[in-house]
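Visitor:
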Amino acid sequence: MTAVAFTALVTAGNRLACTDEIDLRLRGVAAFEDGRSSDTSFLSGISTLPPEDRRELLARSAASPGPVRLLVLFELARAGDEEAGRSLDSLLKGRGATLKLQRVNDLLGLQEMAWNGREKGQPLLQSLAAGLLLAVDGVSEDLSGLSRATRVLSGRKKGGTDAQAEARKAATHIGYLHLRGVQSATSQRELELALLDKDDPALQEIAAAFVGATGTPKSAKALLDALRDKGITSSSIFKRIARTLISNGAYTDQVRCALVPDLIKIVESLDLPDLNRHTARLVASRITGKHQVEEMLAWASSREKELAGSSPAGLNPAQAPVPEAGNPPASTPQEVQPPAREDAEVARCLLLAKNFMNMKEYAKAEENLKKVLEKSPEGKLADEARELLRKIEAVKGL
């Protein structure tokens, strides 16, 4: 009888120790992250948890070490949990260096998501994947991190093979930072130069993926110039340029209309390789939804007349509209609505304010945020501006 009671007690103890699946899962993720285990089932199974278990996992992961919480939040966000996505975004911002991970699940999958998020219609996950990859490499998400990567990329010609490898990594980091909204004119220019660096095709392909991340007329023109370049013959580079031009839903219709005639010139240029011409035709066809050159040009001309005067036109880099972060790409060109000139100015002021805050120039940031509220006192941009002003006030009070 005593033996039976003892056995029952032990069995009950074992059962109690295993009934807390959330704790077990967090322990499994921690063991995977620090290298004590290669079992990824604790991570991959998160997406199959019932909603109440996901909520419990989200709440209790707050007490976990940073890298463990980061992995859990990412898996929850990948499963469609918006609260986890917001928490992860907040955790990643400016914390890359302190959240460097020992292990990460499906690194190649994260890279694909970061490169092709617009194409897959998952801009939030694209941004989060980029942030997680930066954390893996210990790159800080601020202008100092961007500046360091830019210096490495700009100095690539001064070294040998090692410098070349470092330049590729730096270009990738710059691209991920751009996807997270940390960018500068200098970093954009270095990516554009890397796109034309015929001594390093691998670097060109990386640049081709990221030059167009901002969706501005300037980035569109850089990609178009690369298509024109007779010296670029790699099919993988052209494929990347084409996919970037086609999938970037942040381009306004004015930019698309301005692209089409230049693309047709490439299509009709007998001096260029067939590959270039075929790629240009593919891009023009996807932008316009037409297949014949005459129909493409007619679409561009007709659409341009419809949009005349509504916002900055063409590929003029000085008038680049600022895309609103997080908007998924439209499935067809006709669904892309051009922002009004004043809306673009409001978004530009907000972007400037964020850059000034990154540089800790709070007075200039505050000035730009007040301009946002003057021009647009209501809406999402105004709410974001007020939130940033509250942060500035908090900093002043320290």
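In my numbering, the protein residues as written are 12 to 409.
We put the CB at the ideal spot given by N, CA and C, even for glycine.
Which term fits Thr-343, buried or exposed, when burial requires 16 or more other beta carbons within 10 angstroms of its beta carbon?
Guide: Reliability fails at Thr-343, whose pLDDT of 29 lies under 50, so the model's placement of it is uncertain and the value that follows must be treated cautiously. By the 10 Å Cβ count, Thr-343 comes out exposed.
Visitor: Measure the CB-CB distance between Pro-212 and Ile-248 and report whether it falls below 8 Å.
Guide: For Pro-212 and Ile-248, yes; Cβs fall inside 8 Å.
Visitor: Cβ atoms of Ala-182 and Glu-217: under 8 Å apart, would you say?
Guide: It is worth fixing the name first, because residue 217 is Ile in this sequence and not Glu. It is a contact, given that the beta carbons lie within the stated cut-off.
Visitor: Buried or exposed for Lys-391, please, with buried defined as at least 16 other CB atoms from any protein chain shown within 10 angstroms of its CB.
Guide: Counting Cβ neighbours within 10 Å, Lys-391 comes out exposed, since fewer than 16 surround it.
Visitor: Starting from the C-beta of Ala-331, find all residues in its chain whose C-beta is less than 7 Å away, skip the five residues before and the five after it, and write them out in chain order.
Guide: Legend: pLDDT at Ala-331 = 41, less than 50; position of this residue unreliable, value from coordinates given subsequently. If we look at Ala-331 and ignore the five residues flanking it on each side, its Cβ neighbours are Thr-227, Pro-228 and Lys-229.
Visitor: How far does the alpha helix (DSSP H) with Asn-116 in it reach, from first residue to last?
Guide: Premise fails: Asn-116 is in no alpha helix (DSSP H) and is neither H nor E.
Visitor: Tell me whether the beta-carbon of Asp-92 lies closer than 8 Å to the beta-carbon of Arg-65.
Guide: Contact flag set, yes.
Visitor: Cutting at 8 Å between CB atoms, please list the residues of its own chain near Ala-219, excluding the five before and the five after it.
Guide: Excluding residues within five positions, the ones whose Cβ falls inside 8 Å are Leu-206, Leu-234, Ala-237, Ile-248, Arg-251, Ile-252 and Thr-255.
Visitor: The alpha helix (DSSP H) with Pro-212 in it runs from where to where?
Guide: Counting along the chain, the alpha helix (DSSP H) containing Pro-212 begins and ends at 212-221.
Visitor: Taking the straight line between their C-alpha atoms, what separation do you get for Gly-77 and Glu-201?
Guide: Distance between the alpha carbons of Gly-77 and Glu-201: 33 Å.
Visitor: Where does Lys-232 land, buried or exposed, given buried means 16+ other C-beta within 10 angstroms?
Guide: Buried: at least 16 other Cβ atoms inside 10 Å.
Visitor: Out of Leu-188, Ala-74 and Arg-114, which one is the CA nearest neighbour of Glu-44?
Guide: Considering only alpha carbons, the answer is Arg-114.
Visitor: Look at Val-79 and Ala-41 and say whether their C-beta atoms are less than 8 Å apart.
Guide: Yes, they are a contact pair.
Visitor: With a floor of 4 residues, list each alpha helix (DSSP H) that falls wholly inside the stretch 124-211, ordered by position along the chain.
Guide: You should have 134-147, 154-165, 172-190 and 196-206.
Visitor: Return the Cβ separation of Leu-87 and Leu-69 in integer angstroms, given the expectation that the two are a contact with Cβ distance under 8 Å.
Guide: Contact holds; Cβ gap of about 6 Å.
Visitor: Relative to the C-alpha of Ser-358, which candidate in Tyr-373, Glu-123, Glu-317 and Lys-386 has its C-alpha closest?
Guide: Correcting the residue type first, residue 358 is Ala in the shown sequence and not Ser. For Ala-358, the nearest C-alpha among the options comes from Lys-386.
Visitor: What does the alpha-carbon distance come out to for the pair Glu-378 and Ala-364?
Guide: Distance between the alpha carbons of Glu-378 and Ala-364 is about 8 Å.
Visitor: So the alpha helix (DSSP H) Thr-255 belongs to, where does it begin and stop?
Guide: Segment 246-258, the alpha helix (DSSP H) holding Thr-255.
Visitor: What's the C-alpha gap between Asp-208 and Ile-243?
Guide: Straight-line Cα distance between these residues: approximately 9 Å.
Visitor: Is the beta carbon of Ala-311 closer than 8 Å to that of Thr-299?
Guide: Yes. Within cutoff.
Visitor: Check whether the stretch 133-153 touches the stretch 52-67, counting contact only when three or more Cβ pairs, one atom from each stretch, lie closer than 8 Å.
Guide: No, they do not touch.
Visitor: Given this structure, state the Cα-to-Cα distance separating Trp-109 from Gly-149, to the nearest angstrom.
Guide: Residue 109 is actually Thr in this sequence, not Trp. Using only the alpha carbons, I get a separation of about 7 Å.
Visitor: Go ahead and label Gln-303 buried or exposed: buried means 16 or more other beta carbons lie within 10 angstroms of its beta carbon, across all protein chains shown.
Guide: By the 10 Å Cβ count, Gln-303 comes out exposed.
Visitor: Could you spell out the range, first to last residue, of the alpha helix (DSSP H) harbouring Gln-265?
Guide: Here the alpha helix (DSSP H) through Gln-265 covers 264-279.
Visitor: Run the CB neighbour count on Leu-188, radius 10 Å, all protein chains shown included, and call it buried at 16 or more, exposed below.
Guide: Under this definition Leu-188 is a buried residue.
Visitor: Can you tell me where the alpha helix (DSSP H) with Ala-309 in it begins and where it stops?
Guide: It spans 304-318 - the alpha helix (DSSP H) in which Ala-309 sits, taken as one unbroken run.
Visitor: What do you reckon, are the CB atoms on Leu-308 and Gln-265 nearer than 8 Å?
Guide: No, the pair does not count as a contact, with Cβ atoms beyond the cut-off.
Visitor: Alpha carbon to alpha carbon, what distance is there between Leu-214 and Thr-197?
Guide: Cα-Cα distance, rounded: 17 Å.
Visitor: I need the boundaries of the alpha helix (DSSP H) containing Ile-57, first residue and last residue.
Guide: No alpha helix (DSSP H) holds Ile-57; DSSP gives it neither H nor E.
Visitor: Out of curiosity, what's the CA-to-CA distance linking Ile-277 and Ser-258?
Guide: Cα to Cα, the separation comes out at about 20 Å.
Visitor: Does any CB atom of chain B fall closer than 8 Å to the CB of Gly-242?
Guide: No chain B appears in this structure, which consists of one protein chain only.
Visitor: How long is the line joining the alpha carbons of Glu-123 and Ser-98, rounded to whole angstroms?
Guide: Taking the straight line from one Cα to the other gives about 22 Å.
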